[in-house]
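Every number in the numbering used here is 1 more than the matching position in the sequence shown, counting from 1.
Note that CB positions come from ideal geometry on N, CA and C, so glycine has one too.
Computed from a predicted structure; not experimentally measured.
Single-structure report; data block below.
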Amino acid sequence: MIDLRSDTVTLPDTAMLETILSAPLGDDGRTDECGWGEDPTVNSLETICAQLTGKERALLCVSGTMGNQAALMAWCSPGEKILAEHVQHLHYAEKTSFMDAFGGRKVCSYSLDEKMMPRISEIQKKLEEEDIRLLTVENTNNYAGGVCITAERMKEMYELAHAHQVPVHVDGARLFNAAIHLGVSVKELCQYTDSVMICFSKGLGAPLGSILCGSSEFIQRARVIRKRLGGGMRQAGIIAAPALYALSHNVKRLEEDHENCRICAEILRDLPHLRVANEVQTNILVLDISKTGLSQKEFCRYLRKQNILAGPLLKNGIRLVFHKGISRDMAVEAAEIIKNMDD
Ligand SMILES: *Cc1c(COP(=O)(O)O)cnc(C)c1O
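If you want it as structure tokens, here you go:
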């Protein structure tokens, strides 16, 4: 099977799993007066991630959802407004903070421009007209097809938000992909954020875990919320160890995923019934299948018969995601099969 459903399907290799066996462990839920737990591996990971993002502190979370939602709840109270892009993962897919029965925060939305980057004029208008308490940004943007927000645009948004005393949270589930494509450091992108969440379980290939970074005071509040969300952990070094391994072994290779994605897109360009719908920048390719006469379900079922797994994206889209488990040959093979289906 060529599994292109997501970069979450990557399996940990032996070397990654072996780091768990030798990781020093302790009870992360027992904290000292400075908010450090007793698991040395978790503390190493949090220290390294704080340095990587240029923030004071970091907090290991079970999932990206937990990191994002802890951040939203740490920044805003129930009833307050969060300015988010209209199909941003933390709102559209996660929902928790915005559900009346859970977080009770309100959403106010902005759209993307022709380059699939946040529309500044609209953000400005909303900041001026509404009582916004937090601006959220997704980099890379999943539903836009893995498109990156440049450091310049991040800076513009950050300055605009701060002029209205509004902090900025970045959902950086794939922030390393963005940094690699843009040729900047993660730290450079993070200087225009007040908090940032990064996933180890996407292209970085760890089995689970995400990190939330920000000021000491913010992380202290997020830690309390994480516990309420069920994320108070014990020997969480078993999560932190593969994440540390991912940071030292799997960052640079993301470029291979981008390259494989680009090659696949090249093969699929200029077909009569299929259209590459996104500007391929990172590891996500979106096909517009509206002219095939097939539904997303039918299209995926057809691919499955050819040993390719893919999933639907919004309306008329099929998302192909390239990752550590997909070689160059597999990427080309998948592209050829999809191309020939069009004959
Ligand atoms: C996957 C993802 C998340 C959430 O991560 P989980 O670990 O699945 O909870 C958040 N934002 C984006 C953009 C994602 O792709």
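Residue i: beta carbon under 6 Å from a heavy atom of ligand 1?
| i | result |
| --- | --- |
| alanine 143 | According to the sequence as given, residue 143 is asparagine; it is not alanine. Answer for asparagine 143: yes, Cβ within range of ligand 1. |
| aspartate 29 | no |
| alanine 174 | yes |
| serine 110 | no |
| threonine 283 | no |
| glutamate 86 | no |
| glycine 65 | yes |
| glutamate 139 | yes |
Hey, out of the options, whose CA is closest to residue i's CA?
| i | options | result |
| --- | --- | --- |
| leucine 275 | Glu157, Gly68, Asn341 | Asn341 |
| arginine 154 | Tyr193, Met331, Val287 | Tyr193 |
| glycine 312 | Tyr144, Val225, His165 | Tyr144 |
| threonine 20 | Leu269, Leu245, Cys35 | Leu245 |
| glycine 30 | Gly231, Tyr111, Glu189, Ala24 | Gly231 |
| arginine 106 | Asn279, Thr137, Cys77 | Cys77 |
| alanine 179 | Ala162, Ile199, Gln166, His165 | Ile199 |
| isoleucine 3 | Gly318, Asn317, Leu310 | Leu310 |
| lysine 253 | Gly184, Gln52, Leu128 | Gly184 |
| methionine 158 | Val171, Ser23, Ser296 | Val171 |
| leucine 26 | Leu286, Ala242, Ile290 | Ala242 |
| proline 13 | His250, Val43, Asp271, Leu190 | His250 |
| isoleucine 239 | Val10, Glu334, Asp40 | Asp40 |
| leucine 18 | Ile133, Pro208, Gly104, Ala164 | Pro208 |
| glutamate 334 | Glu267, Ile319, Glu280 | Glu267 |
| glutamate 280 | Glu115, Ile181, Ile121, Val167 | Glu115 |
| glycine 233 | Val63, Asn44, Leu135, Thr54 | Val63 |
| leucine 269 | Lys82, Arg302, Ile319, Met118 | Ile319 |
| isoleucine 150 | Arg134, Ile133, Val187 | Val187 |
| glutamine 221 | Met118, Gln297, Ala59 | Ala59 |
| glutamate 86 | Arg120, Val10, Gln166 | Arg120 |
| leucine 110 | Lys126, Ile285, Leu53, Asp28 | A small correction: the amino acid at residue 110 is serine; leucine does not occupy that position in the sequence shown. Of the candidates Lys126, Ile285, Leu53, Asp28, the one whose C-alpha sits nearest the C-alpha of serine 110 is Lys126. |
| arginine 1 | Val43, Gly147, Ala162, Arg6 | With the chain represented from 2 up to 344, any question about residue 1 goes unanswered, as that position is not in the structure. |
| isoleucine 338 | Tyr303, Thr9, Pro273 | Tyr303 |
| glycine 104 | Ile124, Ile83, Leu288 | Ile83 |
| arginine 235 | Thr15, Thr32, Ala16 | Thr32 |
| asparagine 284 | Cys301, Lys156, His182, Ala16 | His182 |
| alanine 336 | Ala24, Met117, Val287 | Val287 |
| alanine 75 | Asn44, Ser196, Ala102 | Ser196 |
| serine 217 | Glu129, Lys306, Thr48 | Thr48 |
| valine 167 | Glu189, Glu129, Asn317, Ser23 | Glu129 |
| glutamate 123 | Asp132, Leu113, Met117 | Leu113 |
| methionine 117 | Ser328, Lys298, Ala278, Gln297 | Ala278 |
Less than 6 Å between the CB of residue i and some heavy atom of ligand 3, yes or no?
| i | result |
| --- | --- |
| histidine 90 | Looking for ligand 3 in the displayed structure turns up nothing; the ligands present are ligand 1. |
Buried or exposed: which applies to residue i, given that a residue is buried once 16 or more other Cβ atoms fall within 10 Å of its Cβ?
| i | result |
| --- | --- |
| leucine 315 | exposed |
| aspartate 258 | buried |
| arginine 175 | buried |
| glycine 294 | exposed |
| glutamate 160 | exposed |
| serine 211 | buried |
| cysteine 35 | exposed |
| glutamine 282 | buried |
| lysine 292 | exposed |
| asparagine 308 | exposed |
| glycine 80 | exposed |
| arginine 134 | buried |
| threonine 54 | buried |
| glutamate 57 | exposed |
| alanine 164 | exposed |
| aspartate 8 | buried |
| threonine 15 | exposed |
| cysteine 5 | A small correction: the amino acid at residue 5 is leucine; cysteine does not occupy that position in the sequence shown. With 16 or more other Cβ atoms within 10 Å, it is buried. |
| leucine 22 | exposed |
With a cut-off of 8 Å, do at least 3 Cβ pairs link the stretch 196 to 212 to the stretch 319 to 335?
-> Counting Cβ pairs under 8 Å, three or more are found: they touch.
Can at least three beta-carbon pairs, one atom from the stretch 57 to 76 and one from the stretch 216 to 231, be found at a separation below 8 Å?
-> Touching, per the Cβ criterion.
Is it true that the stretch 92 to 104 meets the stretch 246 to 253, where meeting means three or more beta-carbon pairs spaced less than 8 Å apart?
-> The stretch 92 to 104 vs the stretch 246 to 253: no contact.
Sufficient close CB pairs (3 or more, under 8 Å) joining the stretch 74 to 94 to the stretch 131 to 151 | Using a C-beta cut-off of 8 Å, the stretch 74 to 94 makes contact with the stretch 131 to 151, since at least three inter-stretch Cβ pairs fall below that distance.
The stretch 212 to 219 touching the stretch 51 to 70, judged by at least three CB pairs closer than 8 Å | Contact holds: three or more Cβ-Cβ distances are below 8 Å.
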